[in-house]
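Student:
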Amino acid sequence: MKMVTAVIRPEMFDAVKTALETSGIYGMTVSEVMGRGAQKGIALRFRGKTVPVELIPKVKIEMVVRDADVDTVLGIVRANGRTGKPGDGRVFVSSVERICKVRTDEEEPADQ
Numbered sequence: 041m042k043m044v045t046a047v048i049r050p051e052m053f054d055a056v057k058t059a060l061e062t063s064g065i066y067g068m069t070v071s072e073v074m075g076r077g078a079q080k081g082i083a084l085r086f087r088g089k090t091v092p093v094e095l096i097p098k099v100k101i102e103m104v105v106r107d108a109d110v111d112t113v114l115g116i117v118r119a120n121g122r123t124g125k126p127g128d129g130r131v132f133v134s135s136v137e138r139i140c141k142v143r144t145d146e147e148e149p150a151d152q
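Note that the numbering used here numbers the sequence shown so that position 111 is 151, with each residue one more than the last.
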């Protein structure tokens, strides 16, 4: 199993979520986050003044998926989360070693 973490623009979330669901990927945790990368913030005009904004709103989507589904998820995020401009985000893939259900205290195999 793999943890896929996508950090994308908020306005791209609905398209990414819909495409994931269309492909049968429903389980996800979604968080509104703030961050920056190479973009180093933006400048907004507010009441005639330029105001620097260093941390930019993003949406973080976390999904635990089977190894066989990783390329599908990456393709969906790339195709539906891209504007072609700086700040489109990043996708991280990491291994999941253990899974434990909180309600039942049962452990599931993470090698699917």
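From the three backbone atoms N, C-alpha and C, an ideal C-beta is built for every residue, glycine too.
Keep in mind that this is a model prediction, so the values were computed, not measured.
Going along the chain, which residues of its own chain have a beta-carbon closer than 8 angstroms to the beta-carbon of Arg130, five neighbours each way excluded?
Tutor: Result list for Arg130: Ala46, Val47, Gly77, in chain order.
Student: Please report how far the alpha carbon of Met68 lies from the alpha carbon of Arg118, in whole angstroms.
Tutor: Taking the straight line from one Cα to the other gives about 17 angstroms.
Student: So is Val44 buried or exposed if we call it buried at 16+ other beta carbons inside 10 Å?
Tutor: The residue in question, Val44, is buried, as its Cβ has 16 or more Cβ neighbours within 10 Å.
Student: Per the DSSP calculation, Val99 is bridged to which residue(s)?
Tutor: For Val99, which the question treats as bridged, DSSP gives the partners Ile48, Glu72.
Student: Since I believe Gly127 is in contact with Arg49 (beta carbons under 8 angstroms), could you give me their beta-carbon distance rounded to a whole number of angstroms?
Tutor: About 7 angstroms separates the two Cβ atoms, so the contact holds.
Student: Can we say the segment 56-75 touches the segment 94-104, given the rule of at least three CB pairs closer than 8 angstroms?
Tutor: Touching, yes.
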